[in-house]
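Peer 1: Per my numbering: the sequence shown = residues 138 to 515.
Below is a structure I'd like to ask you about.
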Amino acid sequence: MEPCPAHARLFSSRPQAAEEKDLRHFIWVLADSGHLVRIREVVDWRFEMGRIARDRRVPLLFENIKDYPGARVFTNGLSSPKTIALALGLQPSLEPENLAEAQRREANPIKPKLVEIAPVLENIVEGREVDLLMLPVPHWNNQDAGRYLGTWHINVTKDPETGSRNVGVYRMQLLGARQATVSTSPRSHLARHFAKAEKQGQALPMAVAIGVSEPVIMAAAAAYPNEMDEFELAGGLQQEAIQLMRCKTVDLEVPANSEIVIEGFIQPGIRVQDGPYFDYAGNRDTNLRAYLFNATRLMFRNNPIFRGTSIGVAGAEDHQLFAFLAQLNLVDFHGSRLKQAVQNILLKQRCFPTFQLSGKIGASISHFKTLLHPASRS
Ligand SMILES: Cc1cc2nc3c(=O)[nH]c(=O)nc-3n(C[C@H](O)[C@H](O)[C@H](O)COP(=O)(O)O)c2cc1C
Numbered sequence: 138m139e140p141c142p143a144h145a146r147l148f149s150s151r152p153q154a155a156e157e158k159d160l161r162h163f164i165w166v167l168a169d170s171g172h173l174v175r176i177r178e179v180v181d182w183r184f185e186m187g188r189i190a191r192d193r194r195v196p197l198l199f200e201n202i203k204d205y206p207g208a209r210v211f212t213n214g215l216s217s218p219k220t221i222a223l224a225l226g227l228q229p230s231l232e233p234e235n236l237a238e239a240q241r242r243e244a245n246p247i248k249p250k251l252v253e254i255a256p257v258l259e260n261i262v263e264g265r266e267v268d269l270l271m272l273p274v275p276h277w278n279n280q281d282a283g284r285y286l287g288t289w290h291i292n293v294t295k296d297p298e299t300g301s302r303n304v305g306v307y308r309m310q311l312l313g314a315r316q317a318t319v320s321t322s323p324r325s326h327l328a329r330h331f332a333k334a335e336k337q338g339q340a341l342p343m344a345v346a347i348g349v350s351e352p353v354i355m356a357a358a359a360a361y362p363n364e365m366d367e368f369e370l371a372g373g374l375q376q377e378a379i380q381l382m383r384c385k386t387v388d389l390e391v392p393a394n395s396e397i398v399i400e401g402f403i404q405p406g407i408r409v410q411d412g413p414y415f416d417y418a419g420n421r422d423t424n425l426r427a428y429l430f431n432a433t434r435l436m437f438r439n440n441p442i443f444r445g446t447s448i449g450v451a452g453a454e455d456h457q458l459f460a461f462l463a464q465l466n467l468v469d470f471h472g473s474r475l476k477q478a479v480q481n482i483l484l485k486q487r488c489f490p491t492f493q494l495s496g497k498i499g500a501s502i503s504h505f506k507t508l509l510h511p512a513s514r515s
């Protein structure tokens, strides 16, 4: 493993102007500033990649993945305040100024724009040909029940009644060639969309985009009012309109320069087990009432870069992202007000071990409540 001063062979060509602020551009910036570690040795997607990611805690590009010749996995992009600044196009050294600039950007969202030409349309697989196992989906932790397709991705849905869009990050465990779980808190906006669809006996269309620009992930993870569009917040943070393309089998839009897009539907009337999964608090969390997602279409760029993350340790990149969002008052774990207030303070102070402890205590209380009142489960 070596730090990467030279990045000439990172991509077959320098990222094009039209794709300037996509994930590849960020990886390029990290390489250019000496923050990227490229791993060219063969690494096993089963446990080994996750172990390295949790140990190293710096941006890593895995370029040689067992069983997946030619595939690459990028992780830990936002593993420090410095790389968060780089993802926003800011100077890593200017901390107080950067916070003021991020607040200014948050207050000035930019509407996304629809485009016809999308790099993600370079490869398209439909219907029964869809095989999610062709992606180098890591089994991040030997404590996880399986491989996680969605750990640092976006889930896009629309409210079946109002048509308003939600973009969030909700973990997804791979269940087979065309199936995955969707694990979400019952108070999340996705859960509200699905509840409405299910009441009508309908499946909920959903698009999953993996390998999007980091400001899109920041916006998706942010607490943003239900009727407001996270792509507008992402545009503000990124300082340019997010370019969206229309999906084909679902009436949804996704970033045109995503590395990978999966279209599909969440099935009504079905719940499946997600996990155990080593979550942000370091808990082995199991969701017995996760949703079931059936994929209908898979699109990916040439030589796609899979983006994911291995969490569960104090200060991992999800904590770094939450600490950044807490400074903007954009964190909501859909827990009690007290838990929310405590977690906000801990994140702002970057007390990550205590933040994890608060998550563990919260999970134990919820578990206890469920034992006392089984009917209260979502
Ligand atoms: C890496 C990462 C993983 C997350 N996983 C989940 C998850 O599995 N389920 C969930 O409900 N929220 C998860 N979140 C938090 C949501 O993305 C966050 O609460 C977001 O604000 C949800 O949006 P909503 O309020 O529009 O539903 C995750 C966040 C991050 C950054």
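Just so you know, even glycine gets a beta-carbon here, dropped at the ideal spot from N, CA and C.
(1) Could you tell me the distance, in whole angstroms, from the CA atom of Pro-362 to the CA atom of Ala-222?
(2) Assuming Gly-287 is part of the beta strand (DSSP E), what are its boundary residues?
(3) DSSP on Gly-372, reduced to helix/strand/coil?
(4) Taking the beta carbon of Arg-324 as the centre, do at least 16 other beta carbons fall within 10 Å, making it buried, or is it exposed?
(5) Please report the residue range of the beta strand (DSSP E) in which Gln-380 lies.
(6) Measure the CB-CB distance between Trp-182 and His-290 and report whether it falls below 8 Å.
(7) Classify Ala-154: buried if its beta carbon has 16 or more other beta carbons within 10 angstroms, exposed otherwise.
(8) Write down the C-beta distance between Tyr-428 and Val-319 rounded to the nearest angstrom, noting that I regard them as a contact closer than 8 Å.
(9) Is it true that the CB of His-162 sits closer than 8 Å to the CB of Pro-196?
(10) Ignoring anything shorter than 4 residues, give me the alpha helix (DSSP H) runs that lie fully in the segment 442-486, in order along the chain.
(11) Kindly indicate the opening and closing residues of the alpha helix (DSSP H) around Gly-187.
(12) Starting from Ala-432 and walking both ways along the beta strand (DSSP E), at which residues does that stretch end?
(13) Quick test of your reading: Gln-375 and Ser-216, contact by CB under 8 Å. State the CB separation rounded to the nearest angstrom.
(14) DSSP three-state call for Glu-279: helix, strand or coil?
(15) Thinking C-alpha only, which one of Ile-164, Ala-244 and Arg-194 is nearest Met-365?
(16) Would you tell me roughly how many angstroms separate the C-alpha atoms of Arg-284 and Gln-480, rounded to the nearest one?
(17) Does DSSP classify His-330 as helix, strand or coil?
(18) Quick check on Lys-336: buried or exposed, where buried means 16 or more other Cβ atoms within 10 Å of its Cβ?
(19) If you measure from each CB to the nearest heavy atom of ligand 1 and keep those under 5 Å, what residues do you get, in chain order?
(20) Would you kindly check if the distance between the Cβ of Lys-385 and the Cβ of Arg-315 is under 8 Å?
(21) For Met-271, count the other beta carbons within 10 Å of its own beta carbon; 16 or more makes it buried, fewer makes it exposed. Which is it?
(22) Of the residues Gln-486, Asp-411, Ile-502 and Ser-495, which one's Cα is nearest the Cα of Gln-280?
Peer 2: For this structure:
(1) The residue labelled residue 362 in the question sits at position 225 within the sequence shown. The residue labelled residue 222 in the question sits at position 85 within the sequence shown. Answer to the nearest angstrom: the Cα atoms are 25 Å apart.
(2) Translated into the one-based positions of the sequence shown, residue 287 becomes position 150. Per DSSP, Gly-287 belongs to the beta strand (DSSP E) from 285-287.
(3) One-based indexing of the sequence shown puts residue 372 at position 235. In the structure shown, Gly-372 sits in a helix (DSSP, three-state: H, G or I).
(4) The residue you call residue 324 lines up with position 187 of the sequence shown. Arg-324 is exposed by the Cβ-count criterion.
(5) The residue given as residue 380 occupies position 243 in the sequence shown. It spans 380-383 - the beta strand (DSSP E) in which Gln-380 sits, taken as one unbroken run.
(6) Looking up residue 182 in the sequence shown gives position 45. Looking up residue 290 in the sequence shown gives position 153. Against a cut-off of 8 Å, the Cβ pair of His-290 and Trp-182 comes out as no contact.
(7) Numbered from its first residue, the sequence shown carries residue 154 at position 17. Note on Ala-154: pLDDT 47, under 50, position unreliable in the model; no value is reported.
(8) One-based indexing of the sequence shown puts residue 428 at position 291. One-based indexing of the sequence shown puts residue 319 at position 182. Confirmed, about 4 Å.
(9) Within the sequence shown, the letter at position 59 stands for residue 196. Within the sequence shown, the letter at position 25 stands for residue 162. No, the pair does not count as a contact, with Cβ atoms beyond the cut-off.
(10) 454-464 and 474-485
(11) Indexing the sequence shown from 1 puts residue 187 at position 50. Element bounds for Gly-187: 185-193.
(12) Within the sequence shown, numbered from 1, the residue matching residue 432 stands at position 295. It spans 421-437 - the beta strand (DSSP E) in which Ala-432 sits, taken as one unbroken run.
(13) Along the sequence shown, one-based indexing puts residue 375 at 238. Along the sequence shown, one-based indexing puts residue 216 at 79. About 19 Å; that fails the 8 Å criterion.
(14) Taking the sequence shown and counting its residues from 1, the one referred to as residue 279 is at position 142. It is worth fixing the name first, because residue 279 is Asn in this sequence and not Glu. In the structure shown, Asn-279 sits in coil (DSSP, three-state: anything other than H, G, I, E or B).
(15) Within the sequence shown, numbered from 1, the residue matching residue 365 stands at position 228. Met-365 has its Cα closest to that of Ala-244, out of Ile-164, Ala-244 and Arg-194.
(16) Position 147 of the sequence shown, counted from the start, is the residue given in the question as residue 284. Position 343 of the sequence shown, counted from the start, is the residue given in the question as residue 480. Taking the straight line joining both Cα atoms gives about 29 Å.
(17) Along the sequence shown, one-based indexing puts residue 330 at 193. Three-state DSSP puts His-330 in a helix.
(18) Here residue 336 is taken as the residue at index 199 of the sequence shown, counted from 1. By the 10 Å Cβ count, Lys-336 comes out exposed.
(19) Gly-305, Val-306, Tyr-307, Arg-308, Ser-320, Thr-321, Ser-322, Ser-325, His-326, Ala-358, Ala-360 and Asp-455
(20) In the sequence shown, residue 315 corresponds to position 178, counting from 1. In the sequence shown, residue 385 corresponds to position 248, counting from 1. Not closer than 8 Å, so no.
(21) In the sequence shown, residue 271 corresponds to position 134, counting from 1. The residue in question, Met-271, is exposed, as its Cβ has fewer than 16 Cβ neighbours within 10 Å.
(22) Reading the sequence shown from its first residue, position 143 is the one you call residue 280. It is Asp-411 whose Cα lies nearest to the Cα of Gln-280.
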